[in-house]
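Trainee: Below is the structure I would like to discuss, written out as structure tokens.
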Amino acid sequence: MTQERTVLMHELIATGAGDAYHVREDCWGLHAGRSGGEAQGYDLHGFLKFGTAEQARAAGYRPCGVCAVGSVR
1 MTQERTVLMH ELIATGAGDA YHVREDCWGL HAGRSGGEAQ GYDLHGFLKF
51 GTAEQARAAG YRPCGVCAVG SVR
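Now the structure itself:
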């Protein structure tokens, strides 16, 4: 059974260095990646915003396994 989640916001979030898009700005997956990169001395990229999951996927991002599981509309 596929779980569907309706996004109640207008933007999906990704970073220039990541490979996933997020539906919540407080997603621990998003912040764990940024914290790990910072701890290793990497330059942090700003956030990218997408209006739809289709736009994020077209840009090469996959759904976050923490906050964007299932179909995002």
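Read in full-length UniProt numbering, the sequence shown has 73 at position 73, and its numbers run on one by one without any break.
Just so you know, even glycine gets a beta-carbon here, dropped at the ideal spot from N, CA and C.
Using a Cβ-Cβ cutoff of less than 7 Å, which residues in the same chain neighbour C27 once the five nearest sequence positions on both sides are dropped?
Mentor: In the sequence shown, the residue the question calls residue 27 occupies position 27. Closer than 7 Å at Cβ, skipping near neighbours: C64, V66, C67.
Trainee: When the Cα atoms are used, what is the spatial distance from D43 to G37?
Mentor: As a first step, residue 43 is located in the sequence shown; it is residue number 43 there, counting from the start. As a first step, residue 37 is located in the sequence shown; it is residue number 37 there, counting from the start. If I take the Cα positions, the gap works out to 8 Å.
Trainee: Quick test of your reading: L12 and F50, contact by CB under 8 Å. State the CB separation rounded to the nearest angstrom.
Mentor: Translated into positions along the sequence shown, residue 12 becomes position 12. Translated into positions along the sequence shown, residue 50 becomes position 50. Correct: roughly 4 Å between the Cβ atoms.
Trainee: Have a look at V69, V23, L30 and flag the residue whose alpha-carbon is nearest the alpha-carbon of A17.
Mentor: To locate residue 17, count along the sequence shown from 1; it is residue 17. Answer by Cα proximity: L30.
Trainee: How is R62 classed by DSSP in three states: helix, strand or coil?
Mentor: Working through the sequence shown from its first residue, we reach residue 62 at position 62. Reduced to three states, the DSSP call for R62 is strand.
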